[in-house]
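Asks: Dropping the structure in here first, questions after.
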Amino acid sequence: MIGIVAVSNDGYISKDNSIPWDLPVDKKQWKHTVRNNPVIMGRKTFEQVPARLTSDHIYVLTRTETYPEKDYATACKSKEEVMRHLSDTTQDVYILGGGKIYELFYNEMETVIVTEVDMSVDGDARFPLSYTEDFTPHVRIKFSNRPFEIVYSNRD
Ligand SMILES: NC(=O)c1ccc[n+]([C@@H]2O[C@H](COP(=O)([O-])OP(=O)(O)OC[C@H]3O[C@@H](n4cnc5c(N)ncnc54)[C@H](OP(=O)(O)O)[C@@H]3O)[C@@H](O)[C@H]2O)c1
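Per this note's numbering: the sequence shown = residues 716 to 871.
If you want it as structure tokens, here you go:
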């Protein structure tokens, strides 16, 4: 599985339940990356992303008994349920957050694609900070005059 996330200098991914930056180039990049692949996200994140994305299918973690499903999104009550749905897939599966879901699937991530945003945020959700020790960067993409870099890292 592949984690895909944007983090501030101090490791935050959100503030007041929303993303505290607007980076259209980064948004375009991650949407392109997950194109036609299955993605996993928490209910709070699902309710914030544009309806369909371009992913193959969205698996939404929620404990709500009757969460309304869509033809492009399946509600799952546990990590195990998500894993059962994906047990036969040969596609790359992307973990799209938020904080609770990054934590839940952290040990399953073989690769992380991290947008490092040059900003400090007094935030409320994080990506596990241990990623800098557990993963080694192998590609770093810099954008001229943009306040972020995208770093691809594999688990050691
Ligand atoms: N910077 C980034 O790259 C990035 C990426 C994604 C999201 N975000 C931000 O992260 C914030 C949301 O993160 P969050 O941690 O508050 O919420 P979240 O992870 O998106 O969703 C949390 C919800 O997922 C469900 N859930 C969590 N663990 C579960 C489990 N073990 N089994 C079943 N369901 C489970 C629960 O839904 P129910 O309440 O329905 O039971 C829970 O309320 C937002 O501000 C979003 O904008 C940032």
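Virtual Cβ for every residue (Gly too), placed ideally from N, Cα, C.
On a predicted model such as this, the values are computed, not experimentally measured, just so you know.
1. What does a CB cutoff of less than 7 Å around I773 pick up in its chain, not counting 5 residues either side in sequence?
2. Hey, V866 and Y846: beta-carbon distance below 8 Å or not?
3. Output the boundary residues of the beta strand (DSSP E) element that contains P753.
4. Between which two residues does the beta strand (DSSP E) harbouring I728 extend?
5. Between the Cα of L811 and those of S770, F850, D837 and S835, spot the shortest distance and give me the residue it belongs to.
6. Out of W745, K743, S723 and D741, which one is the CA nearest neighbour of P735?
7. Under 7 Å from any heavy atom of ligand 1, does the C-beta of Q874 make it?
8. Grab me the residues of I856's own chain with a C-beta within less than 7 Å of its C-beta, minus the 5 sequence neighbours each way, in chain order.
9. Hey, quick one: how far does the alpha helix (DSSP H) through L819 stretch, first residue to last?
10. Quick one: any contact between the stretch 840-854 and the stretch 738-750, if contact means 3 or more CB pairs under 8 Å?
11. Given 7 Å as the limit, tell me if I816 has its C-beta closer than that to any heavy atom belonging to ligand 1.
12. Given the structure, does R778 come close to ligand 1, in the sense that its CB is under 7 Å from one of the ligand's heavy atoms?
13. For A700, which option in D731, M716 and E823 has the closest C-alpha, if you only look at C-alpha atoms?
14. Assign S835 to buried or exposed, taking buried as 16 or more other Cβ atoms, counted over all protein chains shown, within 10 Å of its Cβ.
Replies: Judging by the given coordinates:
1. Here residue 773 is taken as the residue at index 58 of the sequence shown, counted from 1. Excluding sequence neighbours, I773 sits near V754, M756, F761, Y787 and A788.
2. Here residue 866 refers to the residue found at position 151 when the sequence shown is read from its first residue. Here residue 846 refers to the residue found at position 131 when the sequence shown is read from its first residue. Against a cut-off of 8 Å, the Cβ pair of Y846 and V866 comes out as no contact.
3. Start at 1 with the first residue of the sequence shown, and residue 753 comes out as number 38. Note, P753: beta strand (DSSP E), P753 to G757.
4. Within the sequence shown, numbered from 1, the residue matching residue 728 stands at position 13. Under the DSSP assignment, I728 falls in the beta strand (DSSP E) whose first and last residues are Y727 to S729.
5. The residue you call residue 811 lines up with position 96 of the sequence shown. The shortest C-alpha separation from L811 is found at S770.
6. Position 20 of the sequence shown, counting from 1, holds the residue named residue 735. When only C-alpha atoms are compared, the closest one is S723.
7. Nothing about residue 874 can be read from this structure; the chain reaches only from 716 to 871.
8. Position 141 of the sequence shown, counting from 1, holds the residue named residue 856. Within the same chain, I856 has close Cβ partners E864 and I865.
9. Here the question's residue 819 lines up with position 104 in the sequence shown. Per DSSP, L819 belongs to the alpha helix (DSSP H) from G814 to F820.
10. no
11. In the sequence shown, the residue the question calls residue 816 occupies position 101. For ligand 1, a non-hydrogen atom lies closer than 7 Å to the CB of I816.
12. The residue given as residue 778 occupies position 63 in the sequence shown. Within 7 Å of the C-beta of R778 there is at least one heavy atom belonging to ligand 1.
13. The question about residue 700 has no answer here: the residues shown for the chain are numbered 716 through 871.
14. Numbered from 1 along the sequence shown, position 120 holds the residue referred to as residue 835. It counts as exposed.
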